[in-house]
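Numbering (this note's numbering), first residue to last: 869 to 1118. Have a look at the structure below before the remarks.
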Amino acid sequence: MRGLRDRGVLITGGTSGIGHATARRFLDEGARVFVCGLEGVQETLDEFDGVGGARCDVSDESSVERMLAAAGEFLGGVDILINNAGIAHREPFLDIATDRWDAVLAVNLRGMFLVAQRVAASMRSAGTRGAIVNMASTNALGGEAGYAHYNASKAGVLLLTKTMAVELGPYGIRVNALCPGYIRTPLNAAIEAESGDPDYVAAYEREHIPLGRAGHPDEVAAAYAFLASDDASFVNGAELVIDGGQLAIM
Ligand SMILES: NC(=O)c1ccc[n+]([C@@H]2O[C@H](COP(=O)([O-])OP(=O)(O)OC[C@H]3O[C@@H](n4cnc5c(N)ncnc54)[C@H](O)[C@@H]3O)[C@@H](O)[C@H]2O)c1
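Listed below in C-alpha cells is the structure:
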C-alpha cells in the first residue's frame, strides 16, 4: 500500500484477533506501531520487535488519556488511528441486563468516541492529514438476533464515523469504517464455546456465508491498511464490508 511507511499507527485492541493481525500488517508495511488493549499487551510487545504499547480501558477517560500520552511519546504523533477495540455478547434481547447493555455500549461506542475525539484533536492541532478507521460490523447494517446491544453499538459507530468524516474532512483527516462479517478470532471462539453447539461455526458458514467459510483476521487487516493508505486518498465517510457475501443474501 502507498503512504504507510514510517507513519505512526495507533491500534486499539491491538493485542488479539483482528487488531493483532493489523499490527503485523502495518509493521510489514514499514509503519511504526503502538498497540493498546485490556490484556495481552506484554505478550504482543514480546512478539513484535519495535512495537510500543500500553494497557488501557478505552471506556475510561483517564485510562485513554494516559494511553494516548504514551502513544504520542512513542510515535511522535499519531498519523493513523485504527479504532478497533470492542466486545460482544450473544443473548436474547429480552434477557439483556441493564449493566450488560451499558458495558457493551461503553466499550464499543463511548470508547470509540473517547479515543477518536482526542486523536482527531491532536491531528488537527498538528496539521496532520491523518486517517481514522473505526471498527463497525455487518451487525451495524442488519439486526442479527442475539446481539441487540452489539448491533446498536456498531450502528452507532457507523453514524459516528460519517459525522466525523463530514466535520474532519475540511482538515484533511479521512474517517472510514469497516464492516466485517464472521471472522475467526478469540471473540468468536468465546461465543462459539458459550453456544455449546459443536456445529456452531460450520452451520454458520454453511447457512450464512456464500463463500462457505469464516473470514481470517489478515483479511480484515488488509482492509484496514487500504483505508489508512494513500491508495484510499479520496475515500471518506465510507463503510467497507468484508463478509464473504453474507449481506448480499436476500
Ligand atoms: N470477530 C468478528 O467476527 C468481528 C466482526 C465484526 C467486527 N468485529 C469487531 O472487531 C474488533 C476486534 O474484534 P476481535 O474479534 O479481534 O476480538 P478479540 O476479542 O480477539 O480482540 C478484542 C481486542 O479489544 C481489546 N479490548 C476489549 N475491551 C477493551 C477495553 N475496554 N479497552 C481496551 N481494549 C479492549 C482486547 O484487549 C483485544 O485486544 C471489535 O470491535 C469487534 O466488535 C469483529
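For every residue, glycine included, the Cβ atom is placed at its ideal position computed from N, Cα and C.
Give the DSSP bridge partners of residue i, in chain order.
| i | result |
| --- | --- |
| CYS904 | THR880, ALA922 |
| MET1003 | LEU1046 |
| GLU1107 | ALA1045 |
| GLY1083 | ILE1051 |
Measuring alpha carbon to alpha carbon, tell me which residue in the options is nearest residue i.
| i | options | result |
| --- | --- | --- |
| ILE1117 | PRO1078, LEU1108, GLU1087, VAL946 | PRO1078 |
| ALA1057 | ASP874, GLY885, LEU1036, ASP925 | GLY885 |
| GLY908 | LEU895, CYS924, PHE894, VAL901 | CYS924 |
| ARG873 | ASP1111, GLY1112, ASP1098 | ASP1098 |
| ASN976 | ALA1023, SER993, ILE948 | ALA1023 |
| GLU959 | VAL972, ILE950, ASN952 | VAL972 |
| GLU1075 | PHE961, GLY1112, SER1005, SER1021 | GLY1112 |
| GLY954 | LEU906, ARG934, ASP914 | LEU906 |
| SER1005 | PHE916, GLY882, ILE1110 | ILE1110 |
| PHE961 | PHE916, ALA1013, ALA988 | ALA1013 |
| TYR1072 | ASP963, ASP1086, TYR1050, LEU1055 | TYR1050 |
Hey, how far is the Cα of residue i from the Cα of residue j?
| i | j | result |
| --- | --- | --- |
| GLY876 | ALA1093 | 13 Å |
| THR1053 | ILE1059 | 10 Å |
| LEU1115 | PHE894 | 28 Å |
| PHE902 | GLU941 | 10 Å |
| VAL1069 | SER1063 | 10 Å |
| MET869 | ARG900 | 15 Å |
| LEU982 | VAL932 | 7 Å |
| ALA1090 | ALA1008 | 20 Å |
| VAL946 | GLY921 | 13 Å |
| ALA1016 | ASP967 | 14 Å |
| GLY998 | ALA1082 | 31 Å |
| ALA1061 | GLY887 | 21 Å |
| ILE1000 | GLY918 | 22 Å |
| ASN951 | GLY1011 | 22 Å |
Grab the span of the beta strand (DSSP E) containing residue i for me, first residue to last.
| i | result |
| --- | --- |
| ILE886 | Not the beta strand (DSSP E): ILE886 falls in the alpha helix (DSSP H), residues 885–896. |
| ASN951 | 948–951 |
Kindly say whether residue i, judged by its beta-carbon, lies nearer than 8 Å to any beta-carbon of chain C.
| i | result |
| --- | --- |
| THR1006 | The chain inventory of the structure shown lacks chain C, comprising one protein chain alone. |
Under 8 Å by Cβ, that's how I've got residue i and residue j pegged, so tell me the actual separation to the nearest angstrom.
| i | j | result |
| --- | --- | --- |
| ALA974 | TYR1018 | At roughly 13 Å, the Cβ-Cβ gap does not stay under 8 Å, so ALA974 and TYR1018 are not in contact. |
| VAL1103 | LEU1046 | About 12 Å separates the two Cβ atoms, so there is no contact after all. |
Let's see if you can read the secondary structure: which residues bound the alpha helix (DSSP H) around residue i?
| i | result |
| --- | --- |
| SER930 | 929–943 |
| ALA1020 | 1016–1036 |
| THR966 | 966–973 |
| ASP914 | 909–915 |
| SER990 | 979–994 |
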